[in-house]
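Oh and the sequence shown: position 85 is 79 in this note's numbering, straight run, nothing missing. All C-beta atoms, glycine included, are put in the ideal place defined by N, C-alpha and C. One structure is given below, encoded as structure tokens.
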Amino acid sequence: MSSTWSLVTTVKAPDELIERFIHHYINLGVSKMYIFLDSPDDQDIYNKVNDDRVVFLLCDDNFWKFREHFHPLRYKKGERPDYVEYRQYHNLLHASSICETEWLLNVDIDELLFPMSNIEEELSYIPGNVFSALIRPLEAVYLNKEPESLINTFDTRYFKSRRKIDYDFWNEIYPDEGLKHKSGFFGHVTGKSFIRTSEDIFRPSCHLPVPMNENFSHGFVMNSMFVLHFEAMTRPLFVQKMINRAGKVYNTPFLDEASKIRIKYLTDRYAKSGEESLHDAYLKMHVFDENKMSKCLEAGFVVNIDDREFINKNVTNSHGDIMAYSVREDMVRAVDEAVLDNASFIPIRITANYDSSECFISFIQSGKASFVCSDRDGVPRKSKGNVAQIFGLNKDKNGLVSIKFDFKHDEKRNPQFLTANRSGAVAFSKEVAKDWERFSVN
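Structure (structure tokens):
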């Protein structure tokens, strides 16, 4: 299989939103879309979409009664799960079992993939011992006025970013203590994953499925794309969503603590002051005036996606040198940006899993990914195969990372941090991470 990709989504939404979603992903080159219609009343969409790449599955009573049951699921066969997450888990496993592409992306209807480069190429760069690639979210906000219609929801170019975490900053933006946030975010902060369909899933998840094969690493963040999360949608939809939650129409027990506190606060306000309180909350949460937007942009907590400069292009050390693979020397060096015009030096990438504090190092040569490993002396060199060496990774409060190699075959040697000295030499040779051992990544 080539590095083609499909997607799966579980949907309960207006037809125009589903059509907008389909149009976006068709334009991105998706091979197949498995759209599970969570409401039996959503059959009209069948007649509006005529494309072989789109597969609709109606989740009616017969679907749940006769569907295939997958062993990782935690509910009885033949029953419709009460929890929407459990239905999503089933649909992920179902899609994975019939998917013919190498990769499968699980996203919601209010999430649009935003690639900075070719998706299939980026997927081909993932090492053979990595099960999944994680796409971080950016959360939509609006300048001066709310979207006029559902489709206008997607017109904004401004998105909150959690590349830097600062609760104090966001508490100034959201001074109402009841509007509990996660460093500015109201939606999920983990992201969504591309998974390998060739591998069994041990534990399904909407965000980070775990592979059955323990030799596979998973959840490494792809810096070349984002998931644009239109968490609030329009004001009427936001208000109705809160009213439904007040009436417990939606059963979503897996919400994080901040969301539970915020939703209780909003539903309590609704019970006390009526629907107008929810309209006011929407505007406070999701619409910024020019002063507030400028403050967030300047501080780097909101990005304009038309400005590609919000993504770092290269890995640099704390002194501004760029980390690059030297073709002639077969090792990683710290070099001045000017030498990158020379084909002898190729910028490296650091791809991280911040939850497990791991990373791998790679570079792109002649359209193919090569991976960096450490030799017995701690010198980072080019690996021969398609399997990446996994390094330890620490991230400080300023977003800088230090990379550690555990010399497992040398019991007398402690783990060493990657360092780049003034001459440009790079090696795993320091037991303590100081300035020379910290790097800026995407």
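Can you tell me which of the three DSSP states residue i falls into?
i           : result
residue 118 : helix
residue 325 : strand
residue 216 : coil
residue 133 : strand
residue 289 : helix
residue 147 : helix
residue 230 : helix
residue 249 : coil
residue 317 : strand
residue 278 : helix
residue 90  : helix
residue 240 : helix
residue 333 : helix
residue 123 : coil
residue 265 : helix
residue 428 : coil
residue 254 : helix
residue 15  : helix
residue 235 : helix
residue 417 : coil
residue 423 : strand
residue -3  : coil
residue 111 : coil
residue 273 : helix
Please return the same chain residues whose Cβ sits closer than 6 Å to the Cβ of residue i, not counting the five positions on each side in sequence.
i           : result
residue 18  : 106
residue 51  : 30
residue 240 : 261, 264
residue 222 : 106, 108, 132
residue 122 : 380, 381
residue 399 : 368, 385, 410, 422
residue 433 : 309, 311, 395
Looking only at DSSP bridge pairs, what is residue i linked to?
i           : result
residue 298 : 152
residue 352 : 347, 386
residue 105 : 223
residue 377 : Answer by DSSP bridge pairing: none, since residue 377 is not bridged.
residue 311 : 433
residue 367 : 375
residue 100 : 2
residue 8   : According to DSSP, residue 8 bridges with nothing at all.
residue 340 : 319
residue 397 : 387
residue 412 : 422
residue 211 : 124
residue 362 : 359
With a CB to CB cut of under 8 Å and the five nearest residues on each side skipped, what residues in its chain are close to residue i?
i           : result
residue 214 : 120, 124, 126, 127, 128, 345, 346, 347, 352, 353, 354
residue 206 : 193, 194, 195, 196
residue 249 : 257
residue 278 : 168, 170, 173
residue 162 : none
residue 115 : -3, 361
residue 47  : 20, 24, 25, 26, 27
Looking only at C-alpha atoms, which of the options sits nearest to residue i?
i           : options            : result
residue 311 : 415, 262, 294, 401 : 415
residue 417 : 382, 427, 327, 384 : 327
residue 357 : 337, 349, 372, 371 : 337
residue 429 : 313, 342, 190, 286 : 313
residue 227 : 47, 408, 144, 404  : 144
residue 404 : 389, 376, 372      : 372
residue 100 : 200, 135, 168      : 200
residue 290 : 38, 66, 190, 177   : 177
residue 182 : 4, 254, 431        : 254
residue 66  : 82, 238, 98, 274   : 82
residue 391 : 88, 157, 35, 175   : 157
residue 212 : 218, 219, 203      : 203
residue 154 : 175, 93, 333, 187  : 175
Compute every distance between the C-beta of residue i and the non-hydrogen atoms of the ligand ADP, then say whether any falls below 6 Å.
i           : result
residue 153 : What this structure holds is no ligand at all, so the ligand ADP is not there to describe.
Starting from the C-beta of residue i, find all residues in its chain whose C-beta is less than 7 Å away, skip the five residues before and the five after it, and write them out in chain order.
i           : result
residue 441 : Shown here, the chain extends from -5 to 436; a query on residue 441 therefore has no answer.
residue -5  : With a pLDDT of 42 at residue -5, under the threshold of 50, the predicted position of this residue should be treated as unreliable, and no value is reported.
residue 408 : 425
Against chain B, with Cβ distances strictly below 7 Å, would residue i count as a contact?
i           : result
residue 380 : Going by chain labels, chain B is absent from the structure shown, which holds only one protein chain.
So within the segment 21 to 83, which uninterrupted alpha helix (DSSP H) runs reach at least 4 residues, ignoring any that extend past its ends? 55 to 60
For the segment 152 to 205, list the alpha helix (DSSP H) runs that are entirely contained and at least 4 residues long, ordered along the chain. 161 to 167
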